[in-house]
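What follows is a single structure, written as structure tokens, with notes after it.
Number of protein chains: 2
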Amino acid sequence: MGVTKTDLFTKEQNELAILAKAFAHPARIAILQHLLKANTCINSDLVNELGLAQATISQHLRELKNAGLLQGNIEGVSMSYCIHPENWNRVKDLFNGMFDKIQHCGPKDECC
Amino acid sequence: MGVTKTDLFTKEQNELAILAKAFAHPARIAILQHLLKANTCINSDLVNELGLAQATISQHLRELKNAGLLQGNIEGVSMSYCIHPENWNRVKDLFNGMFDKIQHCGPKDECC
DNA sequence: AACTAACATCGTAATAATACGATATAACGA
DNA sequence: TCGTTATATCGTATTATTACGATGTTAGTT
């Protein structure tokens, strides 16, 4: 793409955008939802669950991990992933910090 | 990109991903934050505020509008944008529906 | 050691997103 | 009407993302 002009924006704006990008694919949402239910899973679970190739799942997992949403622990031969609890809550707070800033703007909410 | 296999995922997963994509650029976060403060703005406000070209701002505004996050009203010669209140709250609920599903997973939060 | 199972990484083709100049379009005022 | 102001849209070069086969890597098994 054209290069995003990161320097024009605040640290918070860039951070929120990076986090949102991690959520911005249905496969990654599906992975997160699976983990919210199952607490833990390995790559091959998700290959069966989602029907994407192993390499593709691995790539999505890495992106979620890079964003800090997941952590991975070696479990014998396989890699066990789970949601990173502290970061998850921080992300929640960051988004809600934005969501909650909306203000009532008129009797019928006619802002503009 | 390789084509995203939308049909593999649920409606909610695809919707969340589309919304997250709308948030996944610092310029769009900046636009939303500006609107949360100012309630209303026009294209040229943002050109001055953000330092991106007029065409670029217009493109970002369209994406935010397509995602349902903004609404626009004609105001004489210019276009007045504001946050779409109902959709904004629905988006908030959708994300929190996900954020809040995290469960305590152990004495030290060692999930995996 | 040889084999297997489970992943990660590489390479790459296909496709999407970003930025912006150039060019429409539309409303208002003189 | 003509010019001005404010946006939208088009075209396009550049860069990023997605998916997956092929190949590497590592831990356990026989």
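Chains as they are written, first to last, in this note's numbering: chain A, 1 to 112; chain B, 1001 to 1112. The C-beta atom is built at its ideal place from N, Cα and C for all residues, glycine as well. Computed from a prediction, not measured in an experiment: that's the story for all the values here.
If you count every other CB in all the chains shown that lies within 10 Å of the CB of I1074 (chain B), and 16 or more means buried, which is it?
exposed
H25 (chain A): which of B:L1069, B:L1016, B:L1061 sits nearest, CA to CA?
B:L1016
Tell me, please, which residues DSSP counts as bridged to I1074 (chain B).
B:M1079
Where do the ends of the alpha helix (DSSP H) carrying H134 (chain A) lie?
Residue 134 (chain A) lies beyond the range of chain A shown here (1 to 112); nothing can be said about it.
For G1072 (chain B), which residues in the same chain have their Cβ closer than 7 Å to its Cβ, ignoring the five residues on either side in sequence?
K1065, M1079, S1080, Y1081
At what residues does the alpha helix (DSSP H) containing V91 (chain A) begin and finish?
85 to 99
Taking Cβ positions, are A1027 (chain B) and L1052 (chain B) nearer each other than 9 Å?
yes
Who pairs with I1042 (chain B) in a beta bridge, going by DSSP?
B:S1080
I'd like to know whether the C-beta of N66 (chain A) is nearer than 9 Å to at least one C-beta of chain B.
no
Could you tell me the distance, in whole angstroms, from the CA atom of T1056 (chain B) to the CA atom of N96 (chain A)?
27 Å
Quick check on the DSSP output: the alpha helix (DSSP H) that includes Q1013 (chain B) runs from which residue to which?
1011 to 1023
Just mark A1038 (chain B) as buried or exposed, buried being the case when its beta carbon has 16 or more other beta carbons within 10 Å.
exposed
Using the Cα positions of L35 (chain A) and T1006 (chain B), report the straight-line distance between them to the nearest angstrom.
20 Å
Is there a C-beta anywhere in chain A that falls below 9 Å from the one on N1096 (chain B)?
yes
Taking all protein chains shown into account, do 16 or more other C-beta atoms lie within 10 angstroms of the C-beta of Q1013 (chain B), making it buried, or fewer, making it exposed?
buried
Alpha carbons only, please: which of A:I29, A:Q54, A:I102, A:L50 is nearest the one belonging to L115 (chain A)?
Beyond the ends of chain A as shown, which are 1 and 112, falls residue 115 (chain A); an answer cannot be given.
Quick check on the burial criterion: 16 or more other C-beta atoms within 10 angstroms. Buried or exposed for H1060 (chain B)?
buried
Alpha carbon to alpha carbon, how far is G116 (chain A) from C41 (chain A)?
Residue 116 (chain A) lies beyond the range of chain A shown here (1 to 112); nothing can be said about it.
If we ignore side chains and look at the alpha-carbon of each, how far apart do I1102 (chain B) and E1049 (chain B) end up?
38 Å
Please tell me whether L1094 (chain B) and L1019 (chain B) are closer than 9 Å, where the distance is taken between their beta carbons.
yes
For L1069 (chain B), which three-state DSSP category applies?
coil
Taking CB distances under 9 Å as the criterion, tell me whether L8 (chain A) reaches chain B.
yes
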